[in-house]
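Chemist: So our numbering is basically just the index in the sequence shown, starting at one, shifted up by 1074.
Virtual Cβ for every residue (Gly too), placed ideally from N, Cα, C.
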Amino acid sequence: MPSPAPHIVVIGAGIGGLACALRLSGTGARVTVLERHGAAGGKMRSVQSSAGPIDAGPTVLTMKHVFDTLFASVGARLDDHITMTREAMLARHFWTDGTMLDLMHDRDQSAANIHKAFGATSASDFSRFADKAARLFNAFEDPVMQSATPTVGQMTAKVLGNPRLIPAMAPHKSLARSLRQQFSDPRIAQLFARYATYVGGIPALSPALLSLIAHAESNGVWHVKGGMHQLARAIETRAASLGATFHYNAHVDRIETANGSATAVYYAGTRISCDAVVFNGDPNAIADDKLGAEVTTAVPPQHPRSLSAYVATFAATPNGLPLAAHNVLFADNPATEYAPLARGKMQTDPTLYICAQDRFGYQAPQGAERFEIILNAPPNDTTETQRCITLITRRLHSFGLNFSPAITTLTTPRDFGQMFPASHGSLYGRSPHGMMAAFKRPTARTKIKGLYLVGGGVHPGAGVPMAALSGQHAVAAIMQDLHLTSMSPQAATHGGMSTA
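Shown next as structure tokens:
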């Protein structure tokens, strides 16, 4: 008699949990997903407006190949389930002196735009920087991002095998300092320094190695038709078609262990026995006794914390700036814009990110449009909401940008802390500050046998594709630990339910 398929419980339906559930379902395992919110996606959430659903979380999607591989792992094609379009423009950037710069997918076009806006020297600076970013990304994608348990030894071996990486890494410099030395115009350095905030960091405290993010973005920024939340739905739909079951508004009370191994999950008075548990949430929740005293030692507390944000999501008619889909309105003083954040204080001269969600593909809609505006903030920040609305509004007005109707509500760090327990409002898990930060994040396995981690707070880190890769790492660990092979071999098939 064949042994019964193992039962895996996934706690949380963020991108990491969804990717894990899909891959596990493809092996023939029985998968139960328990999500405390009412829909899949985690931080990839949406809110309703008079103009339709608005993405209220991530809006920038890079590394599409991660999701192509995810669907291929269960014999499916991503493009049969969702429509993605690569954007020609990465983002449009504005300064209050009137300078505007479009960074493009086409590197030569970006260089030409920089030449026009900042001069020949800045264009040459950019070309050298882009070369370095590409070398770093290509060197460390496999030994760090694609590795389930990266080590300092692996990284050292990679560098020793290619000593030319050392000056590109600038191991003793912060991202901000490195960029100031690479760009003659401080505004270009300010632009690329902002990439530290993509993973919740402050440029002056984050390693120069994070400049590799620029290459990931230049490889392609993708628009998901219908909004980013549709990607979560597509993964959920495919996993369900392979037998995964999803329960929403299902708050997990605790994880039960026996003989040092995770054996069951309790929610709403129900006990679900299982062979393994995957936790897709902030790892701090385990250490903070949010999942029961039996597993608090599984993960050490994750400190210091990354940045949080104040987020405005609204429908309005804009006036005053030629907005693109992705826009950045920069602070006036690059030298001091992040200084308050480093002290745990609210900014006074902030940079704002604006996603105009009806302008992808160079669309120019009429009437009310959907917007998301992000203002970086310290975790656990308690600045009065109206004060932040005033700060954002004044910053918009300094660029001559107005919205009608005006912004009236924000999602705050305190709100994020309530939505994602034990996160302290931090949106990216552990802080990325310091050269060794990448090696301090927890990996898929925990100290409790049968309990695994996925999500943006886990290696390989924050960001939608990184969270999906964490799901891949967790599944590999589960299959190895349970001595499993795929019980449902997949063949490439076309078709399936589209969520586009």
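At a Cβ threshold of 7 Å, is P1374 touching chain C?
Modeler: Absent from the structure: chain C. Only one protein chain is present.
Chemist: So, with DSSP's three-state summary, where would you put R1238?
Modeler: Indexing the sequence shown from 1 puts residue 1238 at position 164. If DSSP states are grouped into helix, strand and coil, R1238 belongs with coil.
Chemist: Based on DSSP bridge pairs, tell me the residues matched to S1382.
Modeler: If you number the sequence shown from 1, residue 1382 lands on position 308. In the DSSP output, where bridge partners are listed per residue, S1382 has A1451.
Chemist: Evaluate Q1546 with the Cβ neighbour count: other Cβ atoms within 10 Å of its Cβ, from every protein chain shown; 16 or more gives buried, anything less gives exposed.
Modeler: Taking the sequence shown and counting its residues from 1, the one referred to as residue 1546 is at position 472. Classification of Q1546: buried, given that the 10 Å Cβ count is 16 or more.
Chemist: Is it buried or exposed, A1093, if we count other Cβ atoms within 10 angstroms and call 16 or more buried?
Modeler: Working through the sequence shown from its first residue, we reach residue 1093 at position 19. A1093 comes out buried.
Chemist: Determine contact between the stretch 1453 to 1472 and the stretch 1486 to 1497, defined as no fewer than three beta-carbon pairs at a distance below 8 Å.
Modeler: As far as the Cβ criterion goes, the stretch 1453 to 1472 touches the stretch 1486 to 1497, which means the pair count is three or higher.
Chemist: Can you determine whether any heavy atom of the ligand COA sits closer than 6 Å to the C-beta of V1352, and answer yes or no?
Modeler: Looking at this structure, you won't find the ligand COA or any other ligand, since it has none at all.
Chemist: Return the CA-CA distance between I1531 and H1155, expressed in angstroms with no decimal places.
Modeler: In the sequence shown, counting from the first residue as 1, residue 1531 sits at position 457. In the sequence shown, counting from the first residue as 1, residue 1155 sits at position 81. Inspection of the sequence shows that residue 1531 is occupied by Gly rather than by Ile. If you take the alpha carbons of G1531 and H1155, they lie about 27 Å apart.
Chemist: What is the rounded straight-line gap between the Cα of G1355 and the Cα of V1339?
Modeler: Position 281 of the sequence shown, counted from the first residue, corresponds to residue 1355. Position 265 of the sequence shown, counted from the first residue, corresponds to residue 1339. Distance between the alpha carbons of G1355 and V1339: 15 Å.
Chemist: Answer with buried or exposed for R1468, where buried requires no fewer than 16 other C-beta atoms within 10 angstroms of its C-beta.
Modeler: Start at 1 with the first residue of the sequence shown, and residue 1468 comes out as number 394. Exposed: under 16 other Cβ atoms inside 10 Å.
Chemist: According to the neighbour-count rule (16 or more other Cβ atoms, all chains shown, within 10 Å of its Cβ), is N1401 buried or exposed?
Modeler: Here residue 1401 refers to the residue found at position 327 of the sequence shown. When all chains shown are included, N1401 counts as buried.
Chemist: Taking its Cβ as the centre, do 16 or more other Cβ atoms sit within 10 Å of N1407, making it buried, or is it exposed?
Modeler: Translated into positions along the sequence shown, residue 1407 becomes position 333. Label assigned to N1407: exposed.
Chemist: Do R1119 and A1130 have their C-beta atoms closer together than 7 Å?
Modeler: Position 45 of the sequence shown, counted from the start, is the residue given in the question as residue 1119. Position 56 of the sequence shown, counted from the start, is the residue given in the question as residue 1130. Against a cut-off of 7 Å, the Cβ pair of A1130 and R1119 comes out as a contact.
Chemist: How about A1162 and H1179: do their beta carbons lie closer than 7 Å?
Modeler: Within the sequence shown, numbered from 1, the residue matching residue 1162 stands at position 88. Within the sequence shown, numbered from 1, the residue matching residue 1179 stands at position 105. Yes, the Cβ-Cβ distance between A1162 and H1179 is below 7 Å.
Chemist: List the residues that DSSP assigns as beta-bridge partners of C1429.
Modeler: Here residue 1429 corresponds to residue number 355 of the sequence shown, with the count starting at 1. Looking at the DSSP assignment, C1429 forms a beta bridge with H1400 and E1446.
Chemist: Considering L1556, what are the terminal residues of the alpha helix (DSSP H) in which it resides?
Modeler: What you label residue 1556 is simply residue 482 of the sequence shown in a count that begins at 1. Run containing L1556: none; DSSP gives neither H nor E here.
Chemist: With 16 other CB atoms within 10 Å as the buried threshold, where does F1199 fall?
Modeler: Position 125 of the sequence shown, counted from the start, is the residue given in the question as residue 1199. In the sequence under discussion, the amino acid at residue 1199 is Asp, which differs from the Phe named in the question. Label assigned to D1199: buried.
Chemist: Short of 6 Å in beta carbon distance, which residues of its chain neighbour A1350, apart from the five on each side in sequence? Order them along the chain.
Modeler: Against the sequence shown, residue 1350 aligns to sequence position 276. I1082, G1524 and I1552, listed in sequence order.
Chemist: By the three-class DSSP mapping on this structure, what secondary structure does A1574 have?
Modeler: Within the sequence shown, numbered from 1, the residue matching residue 1574 stands at position 500. Confidence at A1574 is low in this model, with a pLDDT of 28, below 50, so its placement is unreliable and the value that follows should be read with caution. Coil at A1574, not helix or strand.
Chemist: In the stretch 1155 to 1193, which residue ranges form an unbroken alpha helix (DSSP H) of at least 4 residues, counting only runs that do not cross its ends?
Modeler: DSSP runs (the alpha helix (DSSP H)) wholly in the stretch 1155 to 1193: 1181 to 1192.
Chemist: Going by DSSP in three states, A1197 sits in which element: helix, strand or coil?
Modeler: As a first step, residue 1197 must be located in the sequence shown, where it is residue number 123. Note: A1197 maps to helix in three-state DSSP.
Chemist: Taking the straight line between their C-alpha atoms, what separation do you get for R1444 and H1321?
Modeler: Residue 1444 sits at position 370 when you count from the first residue of the sequence shown. Residue 1321 sits at position 247 when you count from the first residue of the sequence shown. About 30 Å.
Chemist: Span of the alpha helix (DSSP H) holding A1338?
Modeler: Here residue 1338 corresponds to residue number 264 of the sequence shown, with the count starting at 1. No alpha helix (DSSP H) holds A1338; the beta strand (DSSP E) holding it covers S1335 to Y1341.
Chemist: Nearest-angstrom Cα distance between P1439 and P1424?
Modeler: Sequence index remark: in the sequence shown, residue 1439 carries index 365 (1-based). Sequence index remark: in the sequence shown, residue 1424 carries index 350 (1-based). Approximately 28 Å between the Cα atoms of the pair.
Chemist: Looking at the structure shown, is T1344 part of a helix, part of a strand, or coil, going by DSSP?
Modeler: For this step, residue 1344 is matched to residue 270 along the sequence shown. Three-state result, T1344: strand.
Chemist: Spatial neighbours of S1196 within its chain, please: CB distance less than 8 Å, with the 5 preceding and 5 following residues excluded, ordered by chain position.
Modeler: Working through the sequence shown from its first residue, we reach residue 1196 at position 122. Cβ within range, chain order: I1188, H1189, F1257, S1258, D1259 and I1262.
Chemist: Give me the Cα-Cα distance between A1125 and A1342, rounded to the nearest whole angstrom.
Modeler: On the sequence shown, position 51 is the one that residue 1125 refers to. On the sequence shown, position 268 is the one that residue 1342 refers to. Taking the straight line joining both Cα atoms gives about 36 Å.
Chemist: Are the beta-carbon atoms of L1288 and L1249 separated by less than 7 Å?
Modeler: Start at 1 with the first residue of the sequence shown, and residue 1288 comes out as number 214. Start at 1 with the first residue of the sequence shown, and residue 1249 comes out as number 175. According to the sequence provided, residue 1288 is Ala. The question's Leu does not apply to it. Not in contact: A1288 and L1249 (Cβ atoms no closer than 7 Å).
Chemist: For G1091 versus S1544, is the C-beta spacing smaller than 7 Å?
Modeler: What you label residue 1091 is simply residue 17 of the sequence shown in a count that begins at 1. What you label residue 1544 is simply residue 470 of the sequence shown in a count that begins at 1. No. Outside cutoff.
Chemist: Using the C-alpha atoms, what's the distance from A1213 back to G1235?
Modeler: What you label residue 1235 is simply residue 161 of the sequence shown in a count that begins at 1. What you label residue 1213 is simply residue 139 of the sequence shown in a count that begins at 1. C-alpha separation (whole angstroms): 10 Å.
Chemist: Would you say the stretch 1267 to 1279 touches the stretch 1367 to 1386, given that touching needs at least three Cβ pairs under 8 Å?
Modeler: The answer is yes - the stretch 1367 to 1386 touches the stretch 1267 to 1279, with three or more Cβ pairs under 8 Å.
Chemist: Starting from the Cα of G1172, find the closest Cα among F1404, T1230, A1399 and T1271 and give me that residue.
Modeler: Here residue 1172 refers to the residue found at position 98 of the sequence shown. Per the Cα distances, F1404.
Chemist: Looking at the structure shown, is G1064 part of a helix, part of a strand, or coil, going by DSSP?
Modeler: Beyond the ends of the chain as shown, which are 1075 and 1574, falls residue 1064; an answer cannot be given.
Chemist: Using DSSP with H/G/I as helix, E/B as strand and the rest coil, what is H1321?
Modeler: For the purposes of this step, residue 1321 is identified with residue 247 of the sequence shown, where counting begins at 1. Here H1321 sits in strand by DSSP.
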